[in-house]
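Worksheet for the structure shown next.
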Amino acid sequence: MAKNNETELNSNQINLIGVGTEITGDINSNGDIRIDGSLTGNLITKGKVVIGETGKVNGEIHCKNSDISGIIKGKIVVSELLSLKFSSKINGDINTNKLAIEPGSKFTGNCNMSGDSILDAKKPEEKISKEQTTTK
Numbered sequence: 720m721a722k723n724n725e726t727e728l729n730s731n732q733i734n735l736i737g738v739g740t741e742i743t744g745d746i747n748s749n750g751d752i753r754i755d756g757s758l759t760g761n762l763i764t765k766g767k768v769v770i771g772e773t774g775k776v777n778g779e780i781h782c783k784n785s786d787i788s789g790i791i792k793g794k795i796v797v798s799e800l801l802s803l804k805f806s807s808k809i810n811g812d813i814n815t816n817k818l819a820i821e822p823g824s825k826f827t828g829n830c831n832m833s834g835d836s837i838l839d840a841k842k843p844e845e846k847i848s849k850e851q852t853t854t855k
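Quick note: the sequence shown uses the working numbering, first residue 720, plus one each step.
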């Protein structure tokens with residue numbers, strides 16, 4: 720028998736994109752996400768993002784915390800801690816509050832670690848709506 724609250728979104732959920740899985744499109748989630756496959760699109764979550772050694776993301780990532788061991792081509796915005804493991808390769812800009820980099824990781828792009836950058840690094844659609852309301 721199912722409980723009534725099981726249909727509600729659970730922020731403790733863990734979503735897995737396995738090895739060999741390829742997804743094209745944007746992902747929005749409240750829970751944690753681990754990617755060992757491939758994502759072409761933007762990823763937005765209120766939880767943690769883990770990109771495994773075989774994981775590849777081509778698009779923007781917005782999350783609370785992240786551990787990267789795979790490849791990212793695009794901007795990554797992390798509100799708390801971003802950890803780049805030895806096998807990680809990032810080609811794009813980073814906005815984060817805290818950054819941990821292991822020897823061997825590769826990063827090409829700009830990095831902004833000021834606390835204000837996280838607030839200014841909103842999703843593109845949020846920036847547009849904010850600009851429209853302030854220009855009236």
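No residue lacks a Cβ here, since even glycine has one placed at the ideal position from N, Cα and C.
Proximity of residue i and residue j at Cβ, strictly below 7 Å
i    : j    : result
K783 : S798 : yes
V796 : N777 : no
S807 : S785 : no
S779 : K767 : Checking the sequence shown, residue 779 turns out to be Glu, not Ser. It is not a contact, given that the beta carbons lie outside the stated cut-off.
D755 : G774 : yes
I752 : N734 : yes
Inter-residue Cα distance where the pair is residue i and residue j
i    : j    : result
T854 : S824 : Here T854 scores only 48 on pLDDT, less than 50, and its place in the model should not be relied on; the value that follows carries that caveat. Approximately 42 Å, taken between the alpha carbons.
I736 : N747 : 14 Å
S757 : I742 : 6 Å
I809 : E821 : 13 Å
T827 : V769 : 19 Å
Selected residue, minimal CA-CA separation from residue i, among the options
i    : options                   : result
K765 : N749, I754 and G774       : N749
G771 : K792, K804, G760 and N761 : K804
N829 : G811, E821, P822 and N816 : G811
I791 : G760, L818 and G739       : G760
Residue span of the beta strand (DSSP E) that contains residue i, given as start and end
i    : result
F826 : K825 to T827
T815 : I813 to I820
E779 : Careful: E779 lies outside any beta strand (DSSP E) and carries neither H nor E.
K794 : Per DSSP, K794 belongs to no beta strand (DSSP E) and is neither H nor E.
Strand pairing of residue i, partner residues [DSSP]
i    : result
E741 : S757
S748 : T764
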